[in-house]
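Sequence order for the protein chains is H and C. Quick note on numbering: the first sequence equals residues 1 to 291 in full-length UniProt numbering. Quick note on numbering: the second sequence equals residues 1 to 316 in full-length UniProt numbering. Using N, Cα and C, we set each Cβ at its ideal position, and we do this for glycine too.
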Amino acid sequence: MTAATISTVQLAPGQAAWRRFRRHRLALAGAVIILVLVLGSVFGPYVLPFDDTYIDIMKRFAPPLSGAHVLGTDELGRDVLARLMMGARVSLTIGIVAMVIAMVVGIVVGAFAGFYGGLVGAVLMRLVDAVLCFPTIFLLLALAALTEPGLVTTTVLIAATAWMWVARVVEAQVRSLREREFAVAALAFGSSNLRIMFRELVPNAIAPIVVAATLNVAKAILLESYLSYLGYGVQPPAASLGNMLNNAQIYLTSAPWLAIAPGLAITLAVTSFNFLGDGLRDALDPRMNIP
Amino acid sequence: MARYVVNRLAQAIMLLVIVSAIGFAILHLAPGGPLSQFAASAQMTQEDLDRVTRQLGLDRPLPVQYLDWFGRMLRGDWGKSYRDGEAVLSVVSSHLGATLELMATATIIAVLLGCWIGILGALRRYSLFDTLATVGAMIALSIPTFWFGLVTIYVFSVKLGWLPAGNRHTIGDGSLLDLLHHLIAPAMVLALVETAMWGRFMRSSMLEVINQDYIRTARAKGMPEWRILTVHALRNALLPMITVAGLQFPTLLGGALVAETVFTWPGMGRLFLDSIGYRDYPVVMGILMFSATMVLIGSLLADILYAVVDPRIRVG
Numbered sequence: 001m002t003a004a005t006i007s008t009v010q011l012a013p014g015q016a017a018w019r020r021f022r023r024h025r026l027a028l029a030g031a032v033i034i035l036v037l038v039l040g041s042v043f044g045p046y047v048l049p050f051d052d053t054y055i056d057i058m059k060r061f062a063p064p065l066s067g068a069h070v071l072g073t074d075e076l077g078r079d080v081l082a083r084l085m086m087g088a089r090v091s092l093t094i095g096i097v098a099m100v101i102a103m104v105v106g107i108v109v110g111a112f113a114g115f116y117g118g119l120v121g122a123v124l125m126r127l128v129d130a131v132l133c134f135p136t137i138f139l140l141l142a143l144a145a146l147t148e149p150g151l152v153t154t155t156v157l158i159a160a161t162a163w164m165w166v167a168r169v170v171e172a173q174v175r176s177l178r179e180r181e182f183a184v185a186a187l188a189f190g191s192s193n194l195r196i197m198f199r200e201l202v203p204n205a206i207a208p209i210v211v212a213a214t215l216n217v218a219k220a221i222l223l224e225s226y227l228s229y230l231g232y233g234v235q236p237p238a239a240s241l242g243n244m245l246n247n248a249q250i251y252l253t254s255a256p257w258l259a260i261a262p263g264l265a266i267t268l269a270v271t272s273f274n275f276l277g278d279g280l281r282d283a284l285d286p287r288m289n290i291p
Numbered sequence: 001m002a003r004y005v006v007n008r009l010a011q012a013i014m015l016l017v018i019v020s021a022i023g024f025a026i027l028h029l030a031p032g033g034p035l036s037q038f039a040a041s042a043q044m045t046q047e048d049l050d051r052v053t054r055q056l057g058l059d060r061p062l063p064v065q066y067l068d069w070f071g072r073m074l075r076g077d078w079g080k081s082y083r084d085g086e087a088v089l090s091v092v093s094s095h096l097g098a099t100l101e102l103m104a105t106a107t108i109i110a111v112l113l114g115c116w117i118g119i120l121g122a123l124r125r126y127s128l129f130d131t132l133a134t135v136g137a138m139i140a141l142s143i144p145t146f147w148f149g150l151v152t153i154y155v156f157s158v159k160l161g162w163l164p165a166g167n168r169h170t171i172g173d174g175s176l177l178d179l180l181h182h183l184i185a186p187a188m189v190l191a192l193v194e195t196a197m198w199g200r201f202m203r204s205s206m207l208e209v210i211n212q213d214y215i216r217t218a219r220a221k222g223m224p225e226w227r228i229l230t231v232h233a234l235r236n237a238l239l240p241m242i243t244v245a246g247l248q249f250p251t252l253l254g255g256a257l258v259a260e261t262v263f264t265w266p267g268m269g270r271l272f273l274d275s276i277g278y279r280d281y282p283v284v285m286g287i288l289m290f291s292a293t294m295v296l297i298g299s300l301l302a303d304i305l306y307a308v309v310d311p312r313i314r315v316g
């Protein structure tokens, strides 16, 4: 027996998870792409000599690589790369903030439903089932029609249509963890119900919660693009990856580059978060990791 | 069996009540509530508004209003469109055919292609085909449907000129061939996500079945491989796909809305978006409730059908 095999046997759970994650090359690629997208959208606009909302009507529809504008210009002569960077900043922010809100709501609802069970649990989970009956895009658009569109509304609405999945995951976890010794012990020590729920049970369900959070970001970015493309999300002149495609269909014949760059950026971002979520699931939950 | 169906039906009715309560709440969240259409008009005085409020029964307690509204929904009275005064139910049903046509075509493509990819992927696990299919499915699930639609229009309509860029048929041409020609692109776009989903579920269902003991037994007694696959493995692996069909329904409806928008397909999804544009709340609420009810019925039917073909469900 060599030293190497001994060390694998004695790996801490965190190290073991990291090893499994590293084996998942697509998840690793996803993580790297997300990092590049975040850095690009945070620092890119400072490096680029163009402003994302600067209109130069003399230079409209400049094709990519035809001069100073690397990705060309749009119908108002705005630099596409600058808008892409600001759009990615907006879309990623919406995706992450909507995920955080959805996680908080989902964890609270799931924890209460799973911990108390009985009537409370049944009522909360039937509410989850009922909201899930509405096709997401229909519900999102109906709610958007009733509110003033904008950055904050878009974020809140996306969160409002995404928390149910988290609630289901957390409810199932909390319901099964509730019967375990450490939870019973905490009860015997006289811990309050709230403390047991959020200090003992939820932290022990962290692996599926992290996976759900990652996949939730992917979903939120996708939903933002749908909503903004249809005109009910982020409003111009502010750019988002979705609303950059809003006008692209009209100019599809004459200026196809307007549609290509933002669409690729959305696909890249969403695919990366999905692969990352997949890799995290394999890494954090060895039981699901069937060889 | 009868007990299972009654149980499941009771659950569905309870869900429908909660769904309708959510729908009612959303309707009352509208700016001005159900009165917004009158409040927007400049000629209406406060007195007029009060009179309308009384006429429509909006001064009654909310629970009474809800029961009244729910009762009328059940009887098929879904209100009138603000736009042309037509009954909401007839507006919706006149657009339903186009949507169902699109959804049915996409589902047929997705089930055939997805199941084939999934089965082959499971049988040749970790082969190049399986890896490509898995990665491809993940990318297909991540592409915004409307953008894939734009790319399709650019490639097949603008560049190649093979397919029309939108609409259900050429004006003045009602032939079946023309209809099918227009159907190809939107159905393909809608089928992309569905195919990926079916492929993923089929693959994992097939993998679960071919590792079962009875498959090994069949092999051990010398049964030919094709017979094992078709008679034993496939029959059992296809059963859970009934549930998948039920679960897929909301995604399919949402995808249809997007595909209809990109391809100016005159279906329910497009009607929904147009109605939102006109702030035509009765139609918006009607379609929202209709889509949720369809999802509910879809999952109910899937569960009952599953119990019919798989006795383990109703006993267990």
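Buried or exposed for residue i, please, with buried defined as at least 16 other CB atoms from any protein chain shown within 10 angstroms of its CB.
i: leucine 192/H; result: The residue you asked about is not leucine; residue 192/H is serine in the sequence shown. Counting Cβ neighbours within 10 Å, serine 192/H comes out exposed, since fewer than 16 surround it.
i: arginine 168/C; result: buried
i: serine 94/C; result: exposed
i: glycine 161/C; result: exposed
i: valine 104/H; result: exposed
i: methionine 58/H; result: exposed
i: phenylalanine 50/H; result: buried
i: aspartate 173/C; result: exposed
i: threonine 161/H; result: buried
i: threonine 214/H; result: buried
i: glutamate 260/C; result: buried
i: threonine 155/H; result: buried
Under three-state DSSP, which class holds residue i?
i: alanine 239/H; result: coil
i: lysine 159/C; result: helix
i: aspartate 79/H; result: strand
i: leucine 68/H; result: The question names leucine, yet the displayed sequence has alanine at residue 68/H. Coil, per DSSP.
i: threonine 73/H; result: strand
i: alanine 111/H; result: helix
i: alanine 188/H; result: helix
i: alanine 87/C; result: strand
i: alanine 17/H; result: helix
i: leucine 252/H; result: coil
Looking only at its own chain, which residues have a Cβ that is under 6 Å from the Cβ of residue i, when we skip the five neighbours before and after it?
i: threonine 53/H; result: Pro237
i: aspartate 77/C; result: none
Where do the N-terminal and C-terminal ends of the alpha helix (DSSP H) with residue i fall, by residue?
i: methionine 223/C; result: Taken as a continuous stretch (DSSP letters only), methionine 223/C belongs to no alpha helix (DSSP H), as it is neither H nor E.
i: arginine 14/C; result: Reading off the sequence, residue 14/C comes out as methionine, not arginine. Here the alpha helix (DSSP H) through methionine 14/C covers 2-29.
i: glutamate 47/C; result: 46-55
i: arginine 60/H; result: It is not in any alpha helix (DSSP H) - arginine 60/H carries neither H nor E in the DSSP assignment.
i: alanine 283/H; result: 257-284
i: glutamate 260/C; result: 241-262
i: isoleucine 221/H; result: 206-229
i: tyrosine 46/H; result: 25-47
i: proline 266/C; result: That residue, proline 266/C, is in no alpha helix (DSSP H); it is neither H nor E in DSSP.
i: tryptophan 69/C; result: 62-74
i: methionine 197/H; result: From DSSP, methionine 197/H is part of no alpha helix (DSSP H); its letter is neither H nor E.
i: leucine 58/C; result: Looking at the DSSP string, leucine 58/C is not in any alpha helix (DSSP H), and its letter there is neither H nor E.
i: arginine 125/C; result: Taken as a continuous stretch (DSSP letters only), arginine 125/C belongs to no alpha helix (DSSP H), as it is neither H nor E.
i: serine 175/C; result: First-last for serine 175/C: undefined, no H or E at that position.
i: leucine 124/H; result: 118-133
i: threonine 230/C; result: Note, threonine 230/C: premise wrong, no alpha helix (DSSP H); not H, not E.
i: methionine 289/C; result: 281-309
By Cβ distance, which residues of its chain are closer than 7 Å to residue i, with the 5 residues on each side in sequence left out?
i: arginine 124/C; result: Asp130
i: valine 38/H; result: Leu92
i: alanine 261/H; result: Leu71, Val80, Leu84
i: alanine 98/C; result: Arg168, Trp265, Pro266, Gly267
i: leucine 141/C; result: Val193, Ala196
Identify, in the order they occur along the chain, each residue of the same chain with its Cβ nearer than 8 Å to the Cβ of residue i, setting aside the five sequence neighbours on each side.
i: aspartate 278/H; result: His24, Leu26, Ala27
i: leucine 222/H; result: Ile266, Val270
i: threonine 5/H; result: Because the pLDDT at threonine 5/H is just 46, under 50, the model does not fix this residue reliably, and the point stays unresolved.
i: leucine 157/H; result: Leu140, Leu143, Ala144, Thr147, Leu227
Check your understanding: Is the number of C-beta pairs between the segment 185-193 of chain C and the segment 143-160 of chain C that are closer than 8 Å three or more?
Key -> In this structure the segment 185-193 of chain C lies against the segment 143-160 of chain C, because at least three pairs of beta carbons, one per stretch, are closer than 8 Å.
**Study point:** At least three beta-carbon pairs within less than 8 Å, the segment 199-207 of chain H to the segment 155-168 of chain H
**Key:** Judged by Cβ distances under 8 Å, the segment 199-207 of chain H makes no contact with the segment 155-168 of chain H, as fewer than three pairs qualify.
Check your understanding: Counting pairs of beta carbons, one from the segment 164-182 of chain C and one from the segment 80-97 of chain C, are three or more of them closer than 8 Å?
Key -> Between the segment 164-182 of chain C and the segment 80-97 of chain C, the count of C-beta pairs closer than 8 Å stays below three; the two stretches do not touch.
Point to revise | Contact the segment 205-213 of chain H vs the segment 103-119 of chain C: 3+ CB pairs below 8 Å | key: The segment 205-213 of chain H makes no contact with the segment 103-119 of chain C; the number of CB pairs closer than 8 Å stays below 3.
Check your understanding: So does the segment 110-127 of chain H actually touch the segment 245-255 of chain H, counting three or more Cβ pairs closer than 8 Å?
Key -> Flag = no, the segment 110-127 of chain H and the segment 245-255 of chain H do not touch.
Review point. Do the segment 125-133 of chain H and the segment 86-102 of chain H meet, that is, are 3 or more Cβ pairs less than 8 Å apart?
Key: No: the two stretches stay apart, fewer than three of their Cβ pairs being nearer than 8 Å.
Practice item. Check whether the segment 284-295 of chain C touches the segment 15-32 of chain C, counting contact only when three or more Cβ pairs, one atom from each stretch, lie closer than 8 Å. Key: Short answer: they touch.
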